[in-house]
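Notes to accompany the following structure.
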Amino acid sequence: MSMPSPPMPSDRRARKRLAMRENISNVATRLFMERGFDHVTVDEIAAAADVGRMTVFNYFPRKEDMFFDRDEEGREIVREALRRRDPGVAPIEALRLLAHRLISQESPFVRFSAGSQGFMETVEASETLKARARAIRDELAQVVAQALSQSVGREANDPAAHLAAGLLLATWTVALLQAHRSFRQGQDLAKAKAIFLALVDQGSIGLKAALAGTPYV
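Numbering-wise, the sequence shown is residues 26 to 242 according to this note's numbering.
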């Protein structure tokens, strides 16, 4: 997905690789949103990006990776929020505060706009993209569980951490979908943001109740 770029690496070769990756992703995303994911071939993406077919696969093993090209950044944001939390702030509260911070910073991961609507519609029109979105959510749940358990010094397979991660991802998924739906219907950005945060806050109350007695709350 085309989003504001992360800080550029200092190494010249790494900068060139990042620029090439972003170019391929941006071209692919534009074509997917214009014509639909399933109607665009890798050869067409390569031609539009002015690179060879194998170059595309060198950067993106799967076609859908060109569309969901920032998922690792999202995972790192969660890890960082838990690594840098104040010792007096519980992990679940740190993630609730992260949601508020992302909204205030107008993060591309919680953006409600005409562009984000096009992105969502492209996903909804493709079974392949919907399947990949579900897989990314499951992968993120594992990342969150590991980051949570690590943040309190528990084993990575701690059942409470996995319960917390599952409930958290369910909350954020519902919050995002409802906020996007609200924006699509009324084009009211403030309302969409308020819905997202209200649902995250409400879900956090349930999380804290479910995890009472654990070091996560």
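Every residue, glycine too, gets a C-beta built ideally from N, C-alpha and C.
Whole alpha helix (DSSP H) elements within the segment 105-140, 4-residue minimum: 116-129
Enclosing alpha helix (DSSP H) for Asp151 [first to last residue]: Residue 151 sits at position 126 when you count from the first residue of the sequence shown. Residue identity differs from the one stated: residue 151 is Ser in this sequence, not Asp. Here Ser151 belongs to no alpha helix (DSSP H), and DSSP marks it neither H nor E.
Between the segment 223-237 and the segment 186-202, are three or more C-beta pairs nearer than 8 Å? yes
If contact is defined by three or more beta carbon pairs under 8 Å, each pair taking one atom from either stretch, is the segment 125-144 in contact with the segment 172-179? no
By the DSSP assignment, the alpha helix (DSSP H) with His64 in it spans what residues? As a working note, residue 64 is residue 39 in the sequence shown. No alpha helix (DSSP H) holds His64; DSSP gives it neither H nor E.
Of the listed residues Arg95, Ala106 and Asp96, nearest to Arg121 (C-alpha basis): Residue numbering aside, residue 121 sits at position 96 when the sequence shown is read from its first letter. When only C-alpha atoms are compared, the closest one is Ala106.
Is it a yes or a no for the segment 64-74 touching the segment 156-174, going by three-plus beta-carbon pairs under 8 Å? no
Can you find at least 3 beta carbon pairs, one from the segment 130-137 and one from the segment 36-47, that sit closer than 8 Å? no
Report back the beta-carbon spacing between Phe62 and Thr198 to the nearest angstrom; my notes put them in contact at under 8 Å. Along the sequence shown, read from residue 1 onward, the residue named residue 62 stands at position 37. Along the sequence shown, read from residue 1 onward, the residue named residue 198 stands at position 173. Not quite, the Cβ-Cβ distance comes to about 20 Å (not below 8 Å), so this is no contact.
Using 8 Å as the Cβ pair cut-off and three pairs as the minimum, do the segment 216-226 and the segment 86-103 touch? no
Find out if the Cβ-Cβ distance for the pair Val67, Val81 is shorter than 7 Å. Working through the sequence shown from its first residue, we reach residue 67 at position 42. Working through the sequence shown from its first residue, we reach residue 81 at position 56. Cβ atoms of Val67 and Val81: closer than 7 Å.
Coarse secondary structure for Gly178, derived from DSSP in three states: As a position in the sequence shown, residue 178 is number 153, starting the count at 1. Note: Gly178 maps to coil in three-state DSSP.
Determine the direct distance from the alpha carbon of Ile117 to that of Arg109, and round the result to whole angstroms. Taking the sequence shown and counting its residues from 1, one reaches residue 109 at position 84. Taking the sequence shown and counting its residues from 1, one reaches residue 117 at position 92. If you take the alpha carbons of Arg109 and Ile117, they lie about 13 Å apart.
Looking at the unbroken alpha helix (DSSP H) that takes in Asp226, where does it start and where does it end? Here residue 226 corresponds to residue number 201 of the sequence shown, with the count starting at 1. Element bounds for Asp226: Leu214 to Ala235.
Between which two residues does the alpha helix (DSSP H) carrying Thr80 extend? Locating residue 80 in the sequence shown gives position 55, where the first residue counts as 1. Note, Thr80: alpha helix (DSSP H), Arg78 to Tyr84.
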